[in-house]
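Residue numbers (our numbering), protein chains in the order written: chain A, 2 to 302; chain B, 35 to 290; chain C, 9 to 269. Okay, so here's the structure we're looking at.
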Amino acid sequence: MSRKVVEIAGRRLSLSNLEKDLYPSYGFTKAHILEYYRRIAPFILPHLRDRALTLKRYPEGVEKDFFFEKRCPSHRPEWAKTAEVIPDEGEQMTVCLVNDLETLMWVENLASLELHVPLARTGSPETPDSMVFDLDPGDQANILDCARVALILRDLLSRLRLASCLKTSGKKGLHVYVPLNRKETTFEDTKKFSRAVAKIMQNNYPDLVTVKMAKEYRKAKVFINWSQNDSSKTMVCVYSLRAREKPVVSFPLAWRELENLAGKGDPEKLQVMHSEAVRRAKKQGDLFREVLVKKQRLPHL
Amino acid sequence: MAGGTIWKGFIRFGDTNLPVKLHTAIREERIQFHLLHKRDHVKLRQQMICAYEKKPVPTEAQARGFEVEEGKYIIVDPEELDQTAPESTRVIEVHEFVRTEQIDPLFLDRAYYLEPDSHLKGYNALVGALEEMDAAGICTWAMRKRGYLGALQTDGRILRLNTLRYTDEVISAKSLDLEKMSLSEKELKVGSDLIDQLTAPFEPQKFENEHQKKLQDLIEKKARGEKIAVLRPRRLKPTAPDKLLQALEASLKKVA
Amino acid sequence: MAVQGIWSGTISFSLVAIPVQLVKAVEPGRVSFRMLHSKDYSPLRRRMFCPEEDRVVPPDEIIRGYEIGPDKYLVITDEELESVSSARSRTIEILEFIDMKEVDSIYYDHPYYLVPSKGGEKAYQLLLEVMRRTHKAGLAKFVLGEREYLVAVKSTEGALALITLHYSEEILPAGDITPKREKIDAEDKVRIRKDIKKMMADFNPGKYADERRKKIVALLKRKVKEKAPVEAPEAEEEEGEGPADLVAALKESMGKVKKSR
């Protein structure tokens, strides 16, 4: 097993198995993954900051098995930041906080290709910073159908004076985020609100939208999963890699861009690969910044 | 350093209404093991296996049932369960105060610190009053979808909130139905003397978690490929009932 | 009552050794549900599963591993684990006695009871009675499972309770969040003292029930009455749309959205 010791911000980190190909059909090694996260760090770190990280580890690569790890591994370096959290069901546990580059490199060395975080920070676990609509296409539907639903959703929300941000899931779907950033808004509120929105979408577009999770209802439709608005749920972090055949990123898109792409009829055009992600982020800045800073109040609750 | 803020609320009773921030007070570190498959060391996963199909069932195909009689269930939806969750009012409602020593340790569950969130004078006044009266507030609040019962106490200059177990969660010692044995006054006297001799002040810092360190040593030794000597556990020979007094007296002689 | 022991061994102090069993003292009061397969309502069981071979692994094929690298495990056997603290895995050795009043409640973790095994009844009774009279507790170290605990053994209502204690290193110091005492309102304190006095009572936790559990039990009772507990799939109930104001605003906005598209 190859090892390489690096020093980041004065902290030593031993990296292992750098040549291991974790995306074998594409050819993307652990060294490539570490390099991707190193370059995207200025953009992803603010979104990971102070959130309980769920590691989704692929020690044998994306074609093999993965496992989720909510607890911060006990063999962590002593400088790794952690927090104590109490899940709704179960015991208090220690979780990892990825607040700096060195911790990001450490979790990537554990082959945690995908980074999943809750909508709330550990210091205020009941107040989400944003409300999310997770748009997931059923069989015979695709990301272009999600794009149609996302655009209707954007219009509906803006009629209620709510701005929203969009990112690709990096798999088949899209994620619409509504920034809140108010300590008065709880998961109870976002759940109530998002459910009402999802239902009205279903009632008005019954051939396109469903709010039912069961597979048989989702055929050829887009499932609006509002139940992600829960303290116990996590979403894949913006700029995280996804474990698909190719190293695709969950990447923010401007609404205008989605309008353009949705008309082109090529689902693959919506996907953003690792190298493009770094290039675009550097050029256009963080399109998801509003999710962290914009304050909005949910009306009519 | 105390753990981060995990919840915010208000302590309320009489005319008192104090904003506080809840922090964890305990942090347990333990060495984690994983379960592996013996032949190839593949990491095993815990899964819900269908008793009939013998196959893992994904979360979306799992339902929660309450067994009313063997094999018959009432299905309860997550939404119905959600509705039973108490409304989070952010109020730690103190119902009454008790003398601290009256709280049976068997009821104590987990301790948290309460940091004042403004209104410092009132907070300090409550700390002072509880300390002088050696009192603890019995309170209830809702947090993270659960209702809690707790004891509000002082710890020097800070307030502490200890969650309490509900009465029907604590098994009564009487239900153990232990047989009473008669003891002679002599036995009791020698026993008391022995315990007095062995009494020391409570100094928890004396006791380290050596086990974790030893375990870490063992792991490191093994990682270096060293052989591990396996020791057998030792079981003491019980003291026979008719030898009890003799053992007590011999012990006393040893320590005195 | 037949008690199910969690562990059996010996508790000792000085030259006296008492055979005992450890039994549980608390039982989580949550209503327990059975997880079922939604397809046919057959019960689900938690099992260890090998993703590589796609099958359930029986207990005799399972070993314990410590992760030393991203994909490397070190195997630790039961015997090796036990030998780390072989002396303490079968014996609770009381190292010293303490006054129970000196133990800050922050140290308490999880309680159990000890019950005497055959032949140990008399010595058990002696330890119990002497600790009851002197208000003392025995301090011991003891290994259970993969951990070693610091424990206090005390007399409680005619039985020995064993309470695991936190190690002092597990208790987070509160220095950083402790307020300065200098600011104190004497008037406030007098008023608070008065309120506390009025509200003094005896400790009686039985007065407070778990409201959520009551609600779940009520829900179950209602459901039992409404429907026979059969294997028939549940029909989905149409629940409310949401807060009335919000629904009205959404309907109006949706109308405009549709028109403009």
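Yeah, the Cβ is synthetic: ideal placement off N, Cα and C, and Gly gets one too. Keep in mind it's a predicted model, so treat the numbers as computed, not measured.
Which listed residue (the options) has its alpha carbon closest to that of residue i
i, options, result
"proline 238/B", "Pro213/C, Ile179/C, Asp218/C and Ser46/C", "Ile179/C"
"glycine 128/C", "Pro53/B, Ile65/B and Ala274/B", "Ala274/B"
"arginine 194/B", "Ala263/B, Ile126/B and Tyr147/B", "Tyr147/B"
"leucine 78/B", "Leu170/C, Pro59/C, Leu52/C and Lys206/C", "Pro59/C"
"valine 64/C", "Leu254/C, Arg53/C, Ile171/C and Phe21/C", "Arg53/C"
"glutamate 62/B", "Ala84/A, Glu260/A, Glu277/A and Gln297/A", "Ala84/A"
"threonine 187/A", "Gly37/B, Ala36/B, Lys220/B and Lys42/B", "Lys42/B"
"asparagine 226/A", "Phe194/A, Arg245/A and Lys21/A", "Phe194/A"
"valine 250/A", "Arg52/A, Leu288/A, Leu56/A and Val239/A", "Val239/A"
"lysine 231/C", "Thr134/B, Ala36/B, Val110/B and Lys88/B", "Val110/B"
"glutamine 136/B", "Ala209/C, Ser40/C and Ala256/C", "Ala209/C"
"lysine 229/C", "Arg268/B, Phe100/B and Arg144/B", "Phe100/B"
"glycine 28/A", "Arg245/A, Phe289/A and Pro126/A", "Arg245/A"
"lysine 247/B", "Arg55/C, Lys266/C and Arg155/C", "Arg155/C"
"leucine 19/A", "Ser26/A, Val6/A, Arg13/A and Ala10/A", "Val6/A"
Distance between beta carbons of residue j and residue i, contact taken as under 8 Å
i, j, result
"histidine 245/B", "serine 93/C", "6 Å"
"lysine 149/C", "phenylalanine 241/B", "7 Å"
"leucine 293/A", "aspartate 66/A", "Contact doesn't hold; Cβ gap of about 34 Å is too wide."
"alanine 234/B", "glycine 166/C", "Going by Cβ atoms, the distance from alanine 234/B to glycine 166/C rounds to 26 Å, so no, they are not a contact pair."
"glycine 181/B", "glutamate 219/C", "5 Å"
"leucine 82/C", "isoleucine 253/B", "6 Å"
"leucine 278/B", "leucine 228/B", "Actually they are not in contact, since the Cβ atoms of leucine 278/B and leucine 228/B sit about 12 Å apart, beyond 8 Å."
"glycine 139/A", "alanine 221/A", "6 Å"
"glutamine 272/A", "threonine 169/A", "6 Å"
"alanine 33/C", "tyrosine 121/C", "5 Å"
"arginine 198/A", "leucine 136/A", "For the sequence presented, residue 198/A should be read as valine rather than arginine. Contact flag wrong, Cβ pair sits at about 12 Å."
Beta-carbon neighbours of residue i, restricted to chain B and to distances below 7 Å
i, result
"valine 265/C", "Chain B residues near valine 265/C: none, gap ~28 Å exceeds 7 Å."
"glycine 124/A", "Gly38 and Thr39"
Interface residues of chain C facing residue i [CB-CB closer than 8 Å]
i, result
"serine 228/A", "Going along chain C, no residue has its Cβ under 8 Å from serine 228/A, so there is no contact; the nearest lies around 13 Å."
"leucine 157/A", "Leu258, Ser261, Met262 and Val265"
"phenylalanine 194/A", "Gly250 and Leu254"
Cβ pair residue i, residue j closer than 8 Å
i, j, result
"lysine 82/A", "asparagine 100/A", "yes"
"aspartate 98/A", "leucine 54/A", "The residue asked about is misnamed: residue 98/A is leucine in this sequence, not aspartate. Yes."
"isoleucine 26/C", "phenylalanine 236/B", "no"
"threonine 191/A", "glutamine 203/A", "no"
"threonine 174/B", "proline 213/C", "no"
"leucine 70/B", "isoleucine 71/C", "yes"
"phenylalanine 44/B", "valine 125/B", "yes"
"threonine 186/C", "isoleucine 60/B", "no"
"glycine 124/A", "threonine 39/B", "yes"
"threonine 1/A", "arginine 72/A", "No answer is possible for residue 1/A: the residues shown for chain A start at 2 and end at 302."
"aspartate 143/B", "threonine 58/B", "no"
Cross-chain neighbours of residue i in chain A, by beta carbon under 7 Å
i, result
"proline 59/C", "Asp66"
Contact set between residue i and chain C, taken where Cβ atoms lie within less than 7 Å
i, result
"threonine 174/B", "Tyr216"
"leucine 160/B", "Ile200"
"phenylalanine 141/B", "Pro213"
"leucine 302/A", "Pro251 and Leu254"
"isoleucine 153/A", "Val265"
Cross-chain neighbours of residue i in chain A, by beta carbon under 9 Å
i, result
"lysine 66/B", "It should be noted that the sequence gives glutamine, not lysine, for residue 66/B. Those within 9 Å of glutamine 66/B in chain A are Arg72, Pro74, Ser75 and His76."
Any C-beta of chain B under 8 Å from that of residue i
i, result
"isoleucine 87/A", "yes"
"lysine 233/C", "no"
"isoleucine 14/C", "no"
"alanine 53/A", "no"
"threonine 211/A", "no"
"arginine 155/C", "yes"
Contact with chain C by residue i, beta-carbon distance below 8 Å
i, result
"proline 60/A", "yes"
"valine 125/B", "no"
"methionine 167/B", "yes"
"serine 17/A", "yes"
"serine 152/B", "no"
"isoleucine 108/B", "yes"
"asparagine 261/A", "no"
Proximity test, residue i beta-carbon vs the ligand FMN heavy atom, cut-off 7 Å
i, result
"glutamine 29/C", "Looking at this structure, you won't find the ligand FMN or any other ligand, since it has none at all."
C-beta neighbour in chain A for residue i, strict 8 Å
i, result
"glycine 77/C", "yes"
"lysine 77/B", "yes"
"glycine 37/B", "yes"
"threonine 188/B", "no"
"glutamate 242/C", "Interpretation of glutamate 242/C is limited by its pLDDT of 34, a score under 50 that renders its predicted location unreliable; the figure taken from the coordinates is listed afterwards. No, glutamate 242/C lies away from the interface with chain A (no Cβ there is under 8 Å from its Cβ)."
Per-residue contacts from residue i into chain B (C-beta, under 8 Å)
i, result
"threonine 191/A", "Those within 8 Å of threonine 191/A in chain B number zero; the least Cβ separation is about 14 Å."
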